[in-house]
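Visitor: Here it is: the structure, laid out below.
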Amino acid sequence: MFHYFKKIVQHLKAESLNQRREDPFAERPEFVLSSDIDQNLTKFREIFGASNDIIIREIVFGQDPQVRGIIMFVDGLVDKKTINLSIIKPLMYDLRLIRSLGNDKVPMEQIKTALLSVGEIKQTPLINKLVDDCLSGETFFIVDGLAEGFMISTRAWENRGVQEPQTESVVRGPREGFCETLRINTSLLRRKIKNPNFIMENVEIGKRTKTSICIAYLKDIADPVLIDEIKVRLGRINTDSILESGYIEQFIEDAPYSIFPTVANSEKPDVIAAKILEGRAAILVDGTPFVLSVPMVFVESFQTAEDYYIRHTLASLTRIMRYFSYLITTLTPALYIAILTFHQEIIPISLMFTLAASEEQLPLPVFFELLTMMITFDILREAGLRLPRLVGQAISIVGALVMGEAAVAAGIVSDFTVIVIAITAVSSFVVAPQEGSATMLRYIYFLLAGFMGGIGITVGVIGTLIHLASLRSFGTPYLSPLAPFAPCDQKDVFIRAPWWSMGTRPRYMGVRDLRRQGHRLRPHKPQEEHLS
Amino acid sequence: MKKAAAVLLCAVIALVAAGCWSSGELNEFAFVVGVAVDQGSAPENILLTVQVAKPSGFKSSINGGGSDEEAYWNISNEGETLFNTVRGFTHESGRKLDFQHNTILIYSRDIAKKGLGDCMDLFIRDHEFRTSTWIAIANERAADVFGVDAGLETLPAVEIDKMMDAQQYNSQSYTIELLDFLKRLKSDTTAPIAPIISIRGEGDDQDIHISGTAVFHKDRFIGELGGMETRGLMWVTGNVKSGIIVVNCPCDQGKAELEIFQAKSTVTPVLKDGDLSFLIEIKEKGNLGSQTCRENLAPTKKLEALSERQNKAIKTEIEAALKKAQELNADIFGFGEAVYRKYPKQWKSMKDQWSEIFPTLDVEIKVQSEVYGTGNITKPVN
Amino acid sequence: MKLEKDMISNSQMAFLLGIYIQGAIFCTALVFHITSRSISLISLTSLAVFLTFVFVYIKLMRLFPGHNLMGLNDIVFGAYIGKAVSGLYIFFLVVLTVANLRLLCDYVVGNYMVETPTIAIAIVFLFVVVWAVYAGLEVMARIGMLFFVIVSVFTGVIFLLSLSQIEITNFLPQFDISLIDFVRTNHIITTIFFGESFMFMMFIPCMKQQNRLGRSLLFGLIAGEISLILSSLMITGVLGDMASISNSPLNRVLRQVDLGQVLSRMEFIVTGILTFSVFMRIAVMYYAATIGLGQLLGLKSYKPLVIPIAAVVLGLVVPIFYTPSAQIACGISTWPFFSSFFTFVLPVVTLLVALLRGFFKKREEECG
Amino acid sequence: MIYVVIAAYLIIAFVGCRPLFKKKWWAEFAAYLTLLTIGFSLLTMQALGIRVPSIGQGIQILMMDVLHIGYH
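Residue numbers (this note's numbering), protein chains in the order written: chain E, 3 to 534; chain Y, 482 to 863; chain B, 923 to 1290; chain D, 19 to 90.
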């Protein structure tokens, strides 16, 4: 008890101290280039230290006043060919063509405009800016006697080609997936939505990693309040490293303690484009193929890309089956335990005796037996994921089959338990985005059912619905087309209405322009034309 | 963080507080499928026989091996009152009896004669019993009924349950659920009825036979209806779903069997200035099932003659049931209720004298049957 | 002056009232002890009777826009008596919550979890009710809408399933009950099924469109009433006279209703679904009690009050009635009068006093 | 059983009062504590087996015997 109070006193003291400790991430002091090139040289050597992939090349150019210049770049991040052909070559050979230079100073303006045949050139005296850009793939070129350095964009590095993403495989629909470079991802999106209103704003987050993050949205559709809210939340992130969009997701999401995700992510450009066209905003993070999309609603995780490409009848049926499989994966173990231990009268007579027979010689009570099977299943799933592709496949198949059969044969587990576990296992993969919440819910309901039977499950379901209804994702209620009931949004929830009838965008996001299509687009036979 | 910790703590307290009070593993229960109540050795005692399913018996039958040992186990216990005999079973079997899966409730004839009242209350009050179980009266000792081998099923009680369902195909016995029996028991005038189970044959080729109906006055067994009278009763109460009526052919050289498809009955009390009479109308649709005479019964004239005879046959059955009921002075048809429904005010005065009015009640019976098909062939082969 | 910040739309309020009325499904046990034949007809007449009181409530709300029931009392009765009347209301709300929670626990313990003590079930349900009340009115309105759809669908399905077992003969002698019984059943249904929704006066100021109050409340009442009528029809049809002697006729019917061998014993799942509506009923009552108390004590927010009142309710659940049948006996004989004093007499008195004060003030201005 | 009740009382009182104490909401603080003590005293009485006055019975007696209102 005493220890506890001591901790509280320390906590109070630390709190008062906190205001005075200076913020570790304050901006670094600003340095400016000097006109003497040797001084600059020593400054850069001191900044970059001993890393050998940074190349500092001294060149001499100009005819009568021999001028010294320095070119600096990071080997591997730049395209060597452009540096040699369009920077060094013109400086060394072509300079002599511009004879008409009169005065003694080096004609920097003329070099920049007439000589260096490169796309983008920026000028800046600040060393920090120079260093940051140099490390992200630009080459910079300074000249003796001039206090400004040139930034020439020559970014080109090895990156993974545009391949089919592993996580969301699709039977029908585009197969391209995002890759690690931000510029390629934005180009993939730009190819999908060729519209000047499609804005991509860049933000730089992460003191040490300087990851560039791009907020993509449609100016005339997305709700400006949403965009400002995203910027505010991104602005609040004060961390030194952003390596994956998951960091961003956990920093900006609405309910950090909730088991339900409130920020959606996807690897496919067509999915993200569809979400942007619906009025959502996408957040692309450099260095990861997973793009976030906010706001997210619970119903969104039951919609897959393919639902919108195949015909609406089959799409609606598969979507309803997804809802059922989510219920099955969360509730079956709990119901099995509740029925077996609390409400035996539910079981029909014929099933009753085969069940009792199989439960007869088992050592463990049903609760622990099912618990062990559930835990083994989760271990198997994790093992299957973590191991390299070939071995992973083998593990999950071998594990499921052999272990299940052996356990039944050895008489540790009844065959009904294996069936229940198999059903829950299979149906847990159907709703991929909610797999995390499904596993958590399964264990929560299982414990409740173990202790209180049917009542436990009822209380669990009511509690989950309360939690879901109180969640918000960027201002949009989490169960929004269902809980605050919007009748005309129901066309895309349980069933996917045919395309020609999906006239308006979802209303729950406060979208500015609701109309998505014209009216009366139902395809009809030619002779019907003049009848109506 | 503090708030989350507090909420979690409350959750755990709530969970543990609930605890697992009324949970029980499957192997802690002995599942009862049939209950039989008999007269105990001493006059006021009751002998309770219970058929319990033995799970091990099922195990071997699943993976193919013939199960020599029975899949059920009959235990019986004797005591004055019902509930403490039920609890007394712990002397016999280590597991607690679980009546949730009980399908059949059999009373022996002598217990029924003495009165079911005192050994019925438990089956309504306890939360484990369901009112959708069958109720039946055994001709001799109810315990023996559970001893008979189960024929197609693994448990005799389940076999009886299936037979009770099958009775609707020949409408020879009025199968009734506990709820209907209690409804009749509760009403002042209607007489409760229950099917009769008897065992035929001896030694190991005994089999269960369900036929006839037992009639009660309040909760005492007073009489019995034969197969034909039961059918007459079912015509009136409209419970006939299918069955066979045997009539003589129009040419009187053989028999024709007509299958009943659909039967509807309306019972209307008629009260004309004080004296009460009943009108029973039966509409029946049937089909010519088979014939032994050589005559060609296909033409409609012949079919009408057949339906004429069928009307007479149905009428005789109903009259037989009526005569037997009036003999026993037991309103098994629910006439009293019908009068109450139609003339509530007058019923108040007639209610007490109903036991006098009913035996001398005149009932007019109108039957309108229709034979509309002769199956696949028109004329008999030879 | 009201403590509640978030506003809910009219349709959400209507559905909340609908699920609230459906929550009275376990109270049908009370009514069937007197007569079992003409319950559904009587509930129609009692709905008509209650409509007159709905106009009283709406008139009261129109007189003082922006004030809920507790704020009203201070204005109408002045400071001290107003506080006393609000105190009475809150006492009645707490007793109501405890009685309904007790009814739910007895139903569950009586039929499914026999050896579990009532307090354990009460703790579990109260935990979820506290969670819902903590989440606020808007969240409750949202779940209310969801639960309303689920419960209505299930009641409809069960009714269809039981159609095969319903006998018309159980209904027929419709009006042969004595006048006293008729008035008595009417009184019970009006107070217990509908009267106890008087606390919606606490939420009327939170509705967005104040002009179309009547329509949404009426819709909620009728929507809730439909599924109550369906279930009472089902009970009367299947059980007939047996309904009057069983403690919980609803459960006996659910056990009787079956469809072939598979669906034959689903009553524990159906009861789970029906508990949704009773949960919502208890949550709304509990919420009204906390809001009222918060306003009475002049607190800044009702949230700190939620857990203490849960403790009080928990303390009262077990001792409020000694046995379930004692609750039913009290429910039949004295409870209607006790609750109609609060739900009908007090609001009418408040309205009269308000009108009189309004009348005197106008006279003073004229001649003063 | 009594220890569980007292332990629960202490935990809930401590966790609930601390934020109110820090935010200096004295009215809520007082209301919180009084109601909590009432509730838990009822619970402890039940846990100790003391016969708690039952409201239902009170209503019944009040209405039936004192005011003679009620259906018989």
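Just so you know, even glycine gets a beta-carbon here, dropped at the ideal spot from N, CA and C.
If you measure between the beta carbons of E789 of chain Y and Q734 of chain Y, is that distance less than 9 Å?
Guide: Result no, Cβ atoms of E789 of chain Y and Q734 of chain Y do not sit closer than 9 Å.
Visitor: Does the stretch 850-861 of chain Y come within contact of the stretch 754-773 of chain Y, defined as at least 3 CB pairs closer than 8 Å?
Guide: Yes, the stretch 850-861 of chain Y is in contact with the stretch 754-773 of chain Y.
Visitor: By DSSP, does A779 of chain Y sit in helix, in strand, or in coil?
Guide: coil
Visitor: Can you check which of these residues, Y:D579, Y:K793, Y:W615, Y:I677, is closest to F344 of chain E by C-alpha distance?
Guide: Checked all of Y:D579, Y:K793, Y:W615, Y:I677; the closest Cα to F344 of chain E is Y:D579.
Visitor: Would DSSP call I1088 of chain B helix, strand or coil?
Guide: The answer is coil: DSSP assigns I1088 of chain B none of H, G, I, E or B.
Visitor: Looking at A737 of chain Y: is its Cβ nearer than 9 Å to the Cβ of T781 of chain Y?
Guide: no
Visitor: Report the neighbours of D579 of chain Y on chain E: residues whose CB is nearer than 7 Å to its CB, in chain order.
Guide: Q346
Visitor: Between L660 of chain Y and chain B, is there a C-beta pair that is closer than 9 Å?
Guide: yes
Visitor: Between the C-alpha atoms of V1071 of chain B and M1062 of chain B, what's the straight-line distance to the nearest angstrom?
Guide: C-alpha separation (whole angstroms): 14 Å.
Visitor: Should the stretch 351-366 of chain E be called in touch with the stretch 587-604 of chain Y, which here means at least 3 C-beta pairs below 8 Å?
Guide: no
Visitor: Of all the options Y:K783, Y:E621, Y:E609, which has the alpha carbon lying nearest to the alpha carbon of H582 of chain Y?
Guide: For the set Y:K783, Y:E621, Y:E609, the Cα lying nearest the Cα of H582 of chain Y is the one of Y:E609.
Visitor: Using only CA atoms, which one of Y:V513, Y:A624, Y:V862, Y:T797 lies nearest to G521 of chain Y?
Guide: Y:A624
Visitor: Let me confirm a value: S771 of chain Y is counted as buried when at least 16 other C-beta atoms fall within 10 Å, else exposed. Which label applies?
Guide: exposed
Visitor: Can you have a look at F39 of chain D and say buried or exposed, based on whether 16 or more other CB atoms are within 10 angstroms of its CB?
Guide: exposed
Visitor: Residues of chain E with CB closer than 9 Å to the CB of F627 of chain Y, please, in chain order.
Guide: Result: empty, since nearest Cβ-Cβ is about 16 Å, beyond 9 Å.
Visitor: Can you give the Cα-Cα distance for I585 of chain Y and F702 of chain Y, rounded to whole angstroms?
Guide: 19 Å
Visitor: The alpha helix (DSSP H) spanning I964 of chain B covers which residue range?
Guide: 961-985
Visitor: Three or more C-beta pairs closer than 8 Å, one from the stretch 962-979 of chain B and one from the stretch 1108-1121 of chain B: is that the case here?
Guide: The stretch 962-979 of chain B, when compared against the stretch 1108-1121 of chain B, does touch it at the 8 Å Cβ threshold.
Visitor: Using DSSP bridges, identify the partner residues of L1 of chain E.
Guide: This structure gives no information on residue 1 of chain E, because the portion of chain E shown stretches from 3 to 534.
Visitor: Who are the neighbours of P673 of chain Y on chain B, taking C-beta pairs under 8 Å?
Guide: In chain order: nothing, as chain B lies at least about 13 Å away.
Visitor: Listing by chain order, which chain E residues have their CB less than 8 Å from the CB of V1046 of chain B?
Guide: M454, I457, G458, V461
Visitor: I'd like the ranges of any beta strand (DSSP E) spanning at least 3 consecutive residues and lying wholly in the stretch 242-270 of chain E.
Guide: Listed in chain order, the complete beta strand (DSSP E) runs (minimum 3 residues) inside the stretch 242-270 of chain E are 266-268.
Visitor: Looking only at its own chain, which residues have a Cβ that is under 8 Å from the Cβ of R23 of chain E, when we skip the five neighbours before and after it?
Guide: A caution first: R23 of chain E carries a pLDDT of 48, below 50, which makes its placement in the model unreliable, though a value can still be read off. For R23 of chain E, where only same-chain residues beyond five positions count, there are no Cβ hits under 8 Å.
Visitor: Residues of chain Y with a CB under 7 Å from the CB of V368 of chain E: which are they?
Guide: E506
Visitor: Going by DSSP, what residue range makes up the alpha helix (DSSP H) through R2 of chain E?
Guide: Because residue 2 of chain E is not part of the residues shown, which for chain E are 3 to 534, the question remains open.
Visitor: With a threshold of 6 Å on Cβ separation, who are the neighbours of T441 of chain E within its own chain once the five nearest residues in sequence on each side are excluded?
Guide: none
Visitor: Would you mind telling me which residues of chain D sit closer than 9 Å to A951 of chain B, beta carbon to beta carbon, in chain order?
Guide: The contacting residues do not exist; A951 of chain B stays about 16 Å from chain D at best.
Visitor: What is the DSSP secondary structure of D558 of chain Y, reduced to helix, strand or coil?
Guide: Note that residue 558 of chain Y is Asn in the sequence shown here, rather than Asp. Note: N558 of chain Y maps to strand in three-state DSSP.
Visitor: Compare the beta carbon distance of V1239 of chain B and C1027 of chain B with 9 Å and say whether it is the shorter of the two.
Guide: yes
Visitor: List the residues that DSSP assigns as beta-bridge partners of N768 of chain Y.
Guide: Y:E740
Visitor: Among all the DSSP beta bridges, which residues are the ones paired with R193 of chain E?
Guide: DSSP, once it has assigned bridges, lists no residue as partnering R193 of chain E.
Visitor: In angstroms, rounded to a whole number, what distance separates the CA positions of W502 of chain Y and P1039 of chain B?
Guide: Straight-line Cα distance between these residues: approximately 8 Å.
Visitor: Quick one: is V535 of chain E buried, meaning 16 or more other Cβ sit within 10 Å of its Cβ, or exposed?
Guide: One cannot answer for residue 535 of chain E here, as it falls past the ends of chain E, which runs 3 to 534.
Visitor: Please give me, in chain order, every unbroken run of the beta strand (DSSP E) with length at least 3 that falls completely inside the stretch 377-460 of chain E.
Guide: Within the stretch 377-460 of chain E, no complete beta strand (DSSP E) run reaches 3 residues.
Visitor: Which residue from E:V76, E:G452, E:V62, E:G71 puts its Cα closest to that of N54 of chain E?
Guide: E:V76
Visitor: Tell me where the beta strand (DSSP E) around P676 of chain Y begins and ends.
Guide: Segment 674-681, the beta strand (DSSP E) holding P676 of chain Y.
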